[in-house]
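Residue 217 in the numbering used here sits at position 217 of the sequence shown, and the numbers go up by one each step.
Ideal placement from N, C-alpha and C gives every residue a C-beta, glycine not left out.
Heads up, the thing below is written out as structure tokens.
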Amino acid sequence: MTGFLTEFRSFGWPSRLLMINQFGINLGFYMLMPYLAGYLAGPLGLAAWAIGLVLGVRNFSQQGMFIIGGTLADRIGYKPLIVAGCLLRTAGFGLLVIADSLPAMVIASAATGFAGALFNPAVRAYLAAEAGPRRVEAFALFNIFYQGGILAGPLVGLALMALDFRIAAAAAAGVFAALTVAQLFALPQRKASPTEHGTSVLDDWRTVLANRSFLLFAVAMIGSYVLSFQVYLALPLHAKNLVPNAETAVVAGVFVISGLIAVAGQLRITRWFAKWWGPGHSLVIGMLVLAASFIPMAVLPDDRRAGQIAAISALLVGAAVLAIGSAAVFPFEMDTVVSLAGGRLVGTHYGFYNTIVGIGILVGNLATGTLMQKASDAGMPELTWIGLVVIGLIAALTLYRLDRAGRLQAPKSLDAMTPA
Numbered sequence: 001m002t003g004f005l006t007e008f009r010s011f012g013w014p015s016r017l018l019m020i021n022q023f024g025i026n027l028g029f030y031m032l033m034p035y036l037a038g039y040l041a042g043p044l045g046l047a048a049w050a051i052g053l054v055l056g057v058r059n060f061s062q063q064g065m066f067i068i069g070g071t072l073a074d075r076i077g078y079k080p081l082i083v084a085g086c087l088l089r090t091a092g093f094g095l096l097v098i099a100d101s102l103p104a105m106v107i108a109s110a111a112t113g114f115a116g117a118l119f120n121p122a123v124r125a126y127l128a129a130e131a132g133p134r135r136v137e138a139f140a141l142f143n144i145f146y147q148g149g150i151l152a153g154p155l156v157g158l159a160l161m162a163l164d165f166r167i168a169a170a171a172a173a174g175v176f177a178a179l180t181v182a183q184l185f186a187l188p189q190r191k192a193s194p195t196e197h198g199t200s201v202l203d204d205w206r207t208v209l210a211n212r213s214f215l216l217f218a219v220a221m222i223g224s225y226v227l228s229f230q231v232y233l234a235l236p237l238h239a240k241n242l243v244p245n246a247e248t249a250v251v252a253g254v255f256v257i258s259g260l261i262a263v264a265g266q267l268r269i270t271r272w273f274a275k276w277w278g279p280g281h282s283l284v285i286g287m288l289v290l291a292a293s294f295i296p297m298a299v300l301p302d303d304r305r306a307g308q309i310a311a312i313s314a315l316l317v318g319a320a321v322l323a324i325g326s327a328a329v330f331p332f333e334m335d336t337v338v339s340l341a342g343g344r345l346v347g348t349h350y351g352f353y354n355t356i357v358g359i360g361i362l363v364g365n366l367a368t369g370t371l372m373q374k375a376s377d378a379g380m381p382e383l384t385w386i387g388l389v390v391i392g393l394i395a396a397l398t399l400y401r402l403d404r405a406g407r408l409q410a411p412k413s414l415d416a417m418t419p420a
């Protein structure tokens with residue numbers, strides 16, 4: 001704990017505020033979102049297609065609009081986008097308090113999603129610019145606050161949901177209202193560099209699309225996001241298959257293990273990887289760890305081989321290894337995006353990056369869900385986990401080849417190295 005506080009205090013006030021802000025963002029978001037589908041199906045009585053529409057609109061309005069948020073961050077400045085995003089999410093969650101129809105729910109979900117598209121690229125670009133050469137350490141600390149919010153949010157939300165969904169929604173809106181005020185008055189303004197003014201939005205986008213190394217890296221990192229996202233998809237479904245009457249407890253265990261590893265081990269994991277391998281090799285090794293996390297479940301895919309306890313243990317071990325791999329990859333991944341951007345149009349690069357991996361997550365989840373169903377019907381559930389291992393190995397090989405070719409390093413051209 002002392003080491004964490006020392007590291008935290010070593011950064012400037014803007015960096016520390018951004019980290020605390022991210023904890024608050026995830027706290028408020030995860031207080032509500034895990035329970036939204038149940039509320040839509042229960043008290044509101046919406047059909048399954050309507051629930052899918054509400055959740056799908058939220059996801060699309062965030063993932064599909066990251067490019068807009070990143071571009072605006074570079075043109076207007078990082079602070080206005082962070083404040084606007086927090087304010088819009090306050091309004092979105094506030095609308096959920098009173099919404100009782102499908103159109104109102106769709107509007108509220110769109111608002112909460114677009115809010116994320118506004119502040120996410122801006123927060124990362126601001127932190128990267130503020131941290132300078134200490135970007136890896138800054139993003140390691142940032143991930144601790146990020147995961148801490150994910151860990152605390154559902155627990156707080158669960159307590160509030162025992163009272164009423166609308167109380168939870170109002171509390172979440174209150175969290176984002178407080179964040180809006182804090183960012184508005186306490187966060188210094190940070191504008192894009194003068195070299196980025198005078199160009200059109202299309203020129204900025206062409207600059208990003210011409211950055212071949214960046215695009216190749218973004219595509220390679222889709223594998224990391226597909227694997228990491230299985231904590232929300234494949235692992236809960238697997239828990240339901242193993243313990244149909246107590247899957248909630250097992251899923252809670254998965255999230256607690258993941259959160260504790262990220263919060264308690266992030267700094268140690270980052271320092272160890274940085275000491276032994278450096279950025280490029282750390283991404284490759286971290287990806288291999290992500291791939292290896294599904295091996296226990298490939299070996300024990302159900303309770304027929306060694307019993308239910310062994311199968312549940314394999315699931316929890318896999319979740320722990322998955323959390324270690326995610327913690328290893330994240331700081332170096334965020335640092336590499338800035339390096340490949342050459343310090344220019346960082347927000348726009350983050351916007352494109354998030355959109356690319358978001359599309360990859362969508363395709364990957366559809367493929368994973370389909371594979372799980374097919375494998376189960378064929379009586380070979382291990383095929384799902386073997387498929388995920390293969391995805392990780394392909395991504396690791398791609399990153400290795402990019403690293404060997406020098407494509408994970410900052411561009412050499414003088415223009416590309418203009419600082420933001």
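Exercise. Taking only the alpha-carbon atoms, compute the straight-line gap between V226 and I356 and give it to the nearest angstrom.
Key: Looking up residue 226 in the sequence shown gives position 226. Looking up residue 356 in the sequence shown gives position 356. Approximately 12 Å between the Cα atoms of the pair.
Quiz item: When the Cβ atoms of the region 212–228 are set against those of the region 62–69, are three or more pairs found closer than 8 Å?
Solution: The region 212–228, when compared against the region 62–69, does not touch it at the 8 Å Cβ threshold.
Exercise. Would you decide whether G69 is buried or exposed? Buried here means 16 or more other CB atoms lie within 10 Å of its CB.
Key: Indexing the sequence shown from 1 puts residue 69 at position 69. Residue environment analysis places G69 among the buried positions, since at least 16 neighbouring C-beta atoms fall within 10 angstroms of its C-beta.
Practice problem: Specify, as a first and last residue, the run of the alpha helix (DSSP H) that L383 falls within. | Solution: Taking the sequence shown and counting its residues from 1, one reaches residue 383 at position 383. Taken as a continuous stretch (DSSP letters only), the alpha helix (DSSP H) holding L383 covers E382 to R404.
Quiz item: Taking the alpha carbon of V284 as the point to measure from, which residue in A396, A378, W276 and F114 has its own alpha carbon closest?
Solution: Here residue 284 is taken as the residue at index 284 of the sequence shown, counted from 1. Considering only alpha carbons, the answer is A396.
Quiz item: Sorted by chain position, which residues of the same chain lie with C-beta nearer than 6 Å to P188's C-beta, five sequence neighbours on each side aside?
Solution: Working through the sequence shown from its first residue, we reach residue 188 at position 188. Short of 6 Å from the beta carbon of P188, and not among the five residues preceding or following it, lie these beta carbons of its own chain, in chain order: P14.
Exercise. Within its chain, find whatever has a CB closer than 6 Å to the CB of A172; leave out the 5 residues flanking it on each side and keep chain order.
Key: Start at 1 with the first residue of the sequence shown, and residue 172 comes out as number 172. The answer, listed in chain order, is G28, M31, L32 and F93.
Quiz item: For V357, which of helix, strand or coil comes out of DSSP?
Solution: Translated into positions along the sequence shown, residue 357 becomes position 357. V357: helix per DSSP, three-state reduction.
Quiz item: Taking just the CA atoms, how far does G387 sit from L53?
Solution: Your numbering for residue 53 matches position 53 in the sequence shown. Your numbering for residue 387 matches position 387 in the sequence shown. Answer to the nearest angstrom: the Cα atoms are 29 Å apart.
Practice problem: Taking the CB atoms as reference points, tell me whether A328 and I269 lie closer together than 7 Å. | Solution: Against the sequence shown, residue 328 aligns to sequence position 328. Against the sequence shown, residue 269 aligns to sequence position 269. The answer is yes: Cβ separation under 7 Å.
Quiz item: How many Å lie between A108 and A91 at the Cα?
Solution: Within the sequence shown, residue 108 is the residue found at index 108, counting from 1. Within the sequence shown, residue 91 is the residue found at index 91, counting from 1. Per the coordinates, the alpha-carbon of A108 lies some 8 Å from the alpha-carbon of A91.
Quiz item: Any idea what DSSP makes of P296, helix, strand or coil?
Solution: As a working mapping, residue 296 is identified with position 296 in the sequence shown. Reduced to three states, the DSSP call for P296 is helix.
Exercise. Thinking L95 and A111 are a contact (beta carbons under 8 Å), I'd like their distance in whole angstroms, please.
Key: Position 95 of the sequence shown, counted from the first residue, corresponds to residue 95. Position 111 of the sequence shown, counted from the first residue, corresponds to residue 111. Confirmed, Cβ separation roughly 7 Å.
Quiz item: Going by Cα to Cα distance, which pick from W277, I312, V219 and G360 is closest to A239?
Solution: On the sequence shown, residue 239 is found 239 positions in, with the first residue counted as 1. Answer by Cα proximity: I312.
Quiz item: If I257 sits next to A320, beta carbons under 8 Å apart, how far is it from one beta carbon to the other, in whole angstroms?
Solution: Locating residue 257 in the sequence shown gives position 257, where the first residue counts as 1. Locating residue 320 in the sequence shown gives position 320, where the first residue counts as 1. Right, their Cβ atoms sit about 5 Å apart.
Quiz prompt | Pair within 7 Å by beta-carbon distance, G325 and V299 | solution = By one-based count along the sequence shown, residue 325 stands at place 325. By one-based count along the sequence shown, residue 299 stands at place 299. No, these two residues do not count as a Cβ contact at 7 Å.
Quiz prompt | Through-space distance from A375 to A422, alpha-carbon basis | solution = Absent from the structure is residue 422, since the part of the chain shown begins at 1 and ends at 420.
Quiz prompt | Minimum length 4: unbroken alpha helix (DSSP H) runs contained in the region 254–336 | solution = Counting only runs of 4 or more, we get 278–292 and 295–299.
Exercise. With a threshold of 16 other CB atoms inside 10 Å of the CB of L160, please say whether the residue is buried or exposed.
Key: Taking the sequence shown and counting its residues from 1, one reaches residue 160 at position 160. Buried.
Quiz prompt | Close beta carbons around P381, own chain, < 7 Å, minus the five adjacent residues each side | solution = By 1-based counting over the sequence shown, the position of residue 381 is 381. So the list reads P301, D302 and A375, once near-sequence residues are dropped.
Exercise. Go to Y39, then tell me how far its alpha helix (DSSP H) extends in each direction, as first and last residue.
Key: By 1-based counting over the sequence shown, the position of residue 39 is 39. It spans L36 to A41 - the alpha helix (DSSP H) in which Y39 sits, taken as one unbroken run.
Exercise. Rank A129, A84 and L141 by C-alpha distance to the C-alpha of G113 and give the top, closest one.
Key: Taking the first residue of the sequence shown as 1, we reach residue 113 at position 113. The residue with the shortest Cα to Cα distance from G113 is A84.
Quiz item: Is R404 buried or exposed, if buried means 16 or more other CB atoms sit within 10 Å of its CB?
Solution: Taking the first residue of the sequence shown as position 1, residue 404 is located at position 404. Label assigned to R404: exposed.
Exercise. Classify T370 as buried or exposed, calling it buried when 16 or more other Cβ atoms lie within 10 Å of its own Cβ.
Key: Numbered from its first residue, the sequence shown carries residue 370 at position 370. Taking a 10 Å sphere around the C-beta of T370, we find fewer than 16 other C-beta atoms and assign the residue as exposed.
Self-check item: Range covered by the alpha helix (DSSP H) that runs through V219
Solution: As a first step, residue 219 must be located in the sequence shown, where it is residue number 219. Note, V219: alpha helix (DSSP H), R212 to A220.
Quiz item: Three-state secondary structure (DSSP) at N365?
Solution: Sequence index remark: in the sequence shown, residue 365 carries index 365 (1-based). Assignment of N365 by DSSP, reduced to helix, strand and coil, places it in the helix class.
Practice problem: Would you mind sorting V363 into buried or exposed? The rule is 16 or more other CB atoms within 10 Å of its CB. | Solution: Along the sequence shown, read from residue 1 onward, the residue named residue 363 stands at position 363. Classification of V363: exposed, given that the 10 Å Cβ count is below 16.
Practice problem: Taking only the alpha-carbon atoms, compute the straight-line gap between A292 and G153 and give it to the nearest angstrom. | Solution: Along the sequence shown, one-based indexing puts residue 292 at 292. Along the sequence shown, one-based indexing puts residue 153 at 153. Going by the C-alpha atoms only, they are around 29 Å apart.
Quiz prompt | Cβ shell of M334 (< 6 Å), same chain only, five flanking positions each side left out | solution = Translated into positions along the sequence shown, residue 334 becomes position 334. Excluding positions up to five away in sequence, the list reads F139.
Quiz item: Helix, strand or coil for S200 per DSSP?
Solution: Counting from 1 along the sequence shown, the entry for residue 200 is found at position 200. Of the three classes helix, strand and coil, the one that applies to S200 here is coil, per DSSP.
Quiz item: Does any heavy atom of the ligand GTP sit closer than 6 Å to the C-beta of V389?
Solution: Because no ligand of any kind appears in the structure shown, any question about the ligand GTP cannot be addressed here.
Quiz item: Among G343, D164, Y78 and G253, which one has its Cα closest to the Cα of G42?
Solution: Position 42 of the sequence shown, counted from the start, is the residue given in the question as residue 42. Nearest option by C-alpha distance: D164.
Practice problem: Identify, in the order they occur along the chain, each residue of the same chain with its Cβ nearer than 7 Å to the Cβ of L18, setting aside the five sequence neighbours on each side. | Solution: Start at 1 with the first residue of the sequence shown, and residue 18 comes out as number 18. Excluding residues within five positions, the ones whose Cβ falls inside 7 Å are V123, Y126 and L127.
Quiz item: Quick one: Cα of Y353 to Cα of G56, how far?
Solution: By one-based count along the sequence shown, residue 353 stands at place 353. By one-based count along the sequence shown, residue 56 stands at place 56. C-alpha separation (whole angstroms): 20 Å.
Self-check item: For G379 and Q22, the rounded distance between their alpha carbons
Solution: Indexing the sequence shown from 1 puts residue 22 at position 22. Indexing the sequence shown from 1 puts residue 379 at position 379. Distance from the CA atom of Q22 to the CA atom of G379, rounded to whole angstroms, is 43 Å.
Exercise. Answer with buried or exposed for W385, where buried requires no fewer than 16 other C-beta atoms within 10 angstroms of its C-beta.
Key: Numbered from its first residue, the sequence shown carries residue 385 at position 385. Burial check for W385: the Cβ neighbour count within 10 Å reaches 16 or more, so the residue is buried.
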